[in-house]
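Numbering (the UniProt record's numbering), first residue to last: 1 to 365. Note that CB positions come from ideal geometry on N, CA and C, so glycine has one too. All values reported here derive from a predicted model rather than from experimental measurement. Note sheet for the following structure.
Right, dumping it as structure tokens:
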């Protein structure tokens, strides 16, 4: 067990990946300042670089994360061992972020997304690499990992999370856990919602949050993804409604028993894509420091690529334009359309930084 204290609100941090006390300082700044950071799932260097570009432009800190599928894609779909690709892809992506983040002059939280029971070996393998990185550099490879056992009984969920947190705490790493169920499915984790069904399971009970905090907070640092009707993906309006007041009730329950001010916990908002602006603002006011926007950033990557192809159709079917005999290489060069994708992601993140109140508030100095 290793309880690390933040350096203090108002502290400037060294640009790059933040871990340990620096990570806690960043979270404390979010809590004290009433703002949150966008969390973007990445699948390659293009998406990583787009996130860093927008963060630098907005003078904002940011969260870069990988799902198991994103990590595998980073490692290469052609890798014959899918499990190895998940681990080594995550490690390779992390190393890229460590290499480039400081050059963009912002602080980056490096995180991995939903891992259910079948993916616990993936998490433990990344912690193995984190321990090796700690020996070489004095810092873990990642800032935090997430375990999502929300489909299992509460006490089982908490016990498994406690076992992993005991490994992570000595490295100065944080653990994100899920309580309640975030609707929808992401990279094979979760289940699609039924818009006409009773979706009461999408709303976490404050007593469950209290129980998890009671067990886990003495072990190490933990953040809570408490469900309040949030859903992965973008859905047509239905009977699932965001109820951020659940987050306030959870904070009140923990504060009432353990103290720590009116927002003792750092909370996570999954499924932020397509959410109403006022609900985002309300959730942040209750201590949300992190909002995932994977679906919107995927579309922001794809849309400009589609527009580019439509604007230059001949270049994607002929190396020589049959109408004029000229080479089309300058148009189908991957750097052209991938750059369009990067700009699309960066633009969507401009909006996210504004929505979450984090623009202009980087702690990097």
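Proximal residues to residue i (C-beta, below 6 angstroms), its chain only, five neighbours per side dropped
i: residue 259; result: none
i: residue 321; result: 314 and 328
i: residue 337; result: 305 and 308
i: residue 91; result: 129
i: residue 198; result: In this prediction, residue 198 has a pLDDT of 41, which is less than 50 and means its spatial position is unreliable; what the coordinates show is noted afterwards. Here the set comprises nothing.
i: residue 253; result: 206 and 210
Minimum C-alpha distance to residue i - residue among the options
i: residue 222; options: 249, 257, 347 and 264; result: 264
i: residue 356; options: 228, 172 and 280; result: 280
i: residue 89; options: 103, 108 and 69; result: 69
i: residue 155; options: 141, 285, 291 and 212; result: 212
i: residue 177; options: 79, 140, 290 and 294; result: 290
i: residue 307; options: 103, 131, 285 and 341; result: 341
i: residue 334; options: 244, 316 and 99; result: 316
i: residue 100; options: 361, 50, 349 and 309; result: 50
i: residue 359; options: 58, 271 and 282; result: 58
i: residue 105; options: 55, 128, 66 and 65; result: 55
i: residue 351; options: 60, 47, 16 and 28; result: 60
i: residue 93; options: 365, 107, 76 and 80; result: 76
i: residue 365; options: 103, 86 and 78; result: 103
i: residue 372; options: 110, 15, 161 and 14; result: Any question about residue 372 goes unanswered here, given that the chain covers just 1 to 365.
i: residue 349; options: 144, 13, 6 and 63; result: 63
i: residue 28; options: 287, 98, 346 and 137; result: 287
i: residue 168; options: 299, 220, 310 and 282; result: 220
i: residue 271; options: 298, 253, 252 and 257; result: 298
i: residue 147; options: 136, 111 and 46; result: 111
i: residue 282; options: 36, 23 and 127; result: 36
i: residue 13; options: 152, 347 and 109; result: 109
i: residue 346; options: 252, 46, 326 and 310; result: 46
i: residue 117; options: 143, 159 and 353; result: 159
i: residue 257; options: 206, 303, 318 and 325; result: 206
i: residue 31; options: 6, 52, 325 and 138; result: 6
i: residue 269; options: 136, 224, 296 and 310; result: 224
i: residue 74; options: 44, 326, 65 and 22; result: 44
i: residue 138; options: 21, 303 and 296; result: 21
i: residue 353; options: 136, 52 and 11; result: 52
i: residue 339; options: 318, 325, 326 and 303; result: 303
i: residue 294; options: 65, 325 and 23; result: 65
Same chain, Cβ closer than 7 angstroms to residue i, neighbours up to 5 away in sequence not counted
i: residue 226; result: 179, 180, 204, 209, 246, 247, 250 and 267
i: residue 368; result: Because the chain spans 1 through 365 in this model, residue 368 falls outside it and cannot be assessed.
i: residue 140; result: 19, 130, 133, 134, 171, 172 and 173
i: residue 95; result: none
i: residue 150; result: 157, 178, 179, 180 and 181
i: residue 255; result: 261, 262 and 264
i: residue 277; result: 355
i: residue 301; result: 47, 341, 344 and 345
i: residue 200; result: Confidence in residue 200 is poor, its pLDDT being 49 and thus under 50, which makes the residue's placement too unreliable to answer from.
i: residue 127; result: 167 and 168
Assumed close pair residue i, residue j - CB separation to whole angstroms, cut-off 8 angstroms
i: residue 107; j: residue 362; result: 6 angstroms
i: residue 284; j: residue 34; result: 7 angstroms
i: residue 452; j: residue 97; result: Because the chain in this structure spans residues 1 to 365, residue 452 falls outside the shown range and cannot be described.
i: residue 175; j: residue 143; result: At roughly 11 angstroms, the Cβ-Cβ gap does not stay under 8 angstroms, so residue 175 and residue 143 are not in contact.
8 angstroms Cβ shell around residue i - same chain, five flanking residues per side excluded
i: residue 72; result: 79, 82, 85, 86 and 89
i: residue 323; result: 314
i: residue 153; result: none
i: residue 216; result: 158, 161, 162, 165, 175, 177 and 222
i: residue 214; result: 257 and 258
CB contact check: residue i to chain B, cutoff 8 angstroms
i: residue 213; result: The structure shown contains no chain B; it holds only a single protein chain.
Q | Ranges of the alpha helix (DSSP H) found wholly within the region 255–301, counting only runs of at least 4 | A | 277–285
Q. Does the pairing of the region 122–129 with the region 35–42 give three or more beta-carbon distances under 8 angstroms?
A. no
Q: Note down, one range per segment and in chain order, each alpha helix (DSSP H) of at least 4 residues found wholly within the region 313–338.
A: 329–332
Q. At what residue ranges does the region 80–138 contain a whole run of the beta strand (DSSP E), taking only runs of 3 or more?
A. 107–112
Q | Segments assigned beta strand (DSSP E), at least 3 residues, entirely inside the region 28–53 | A | 37–41
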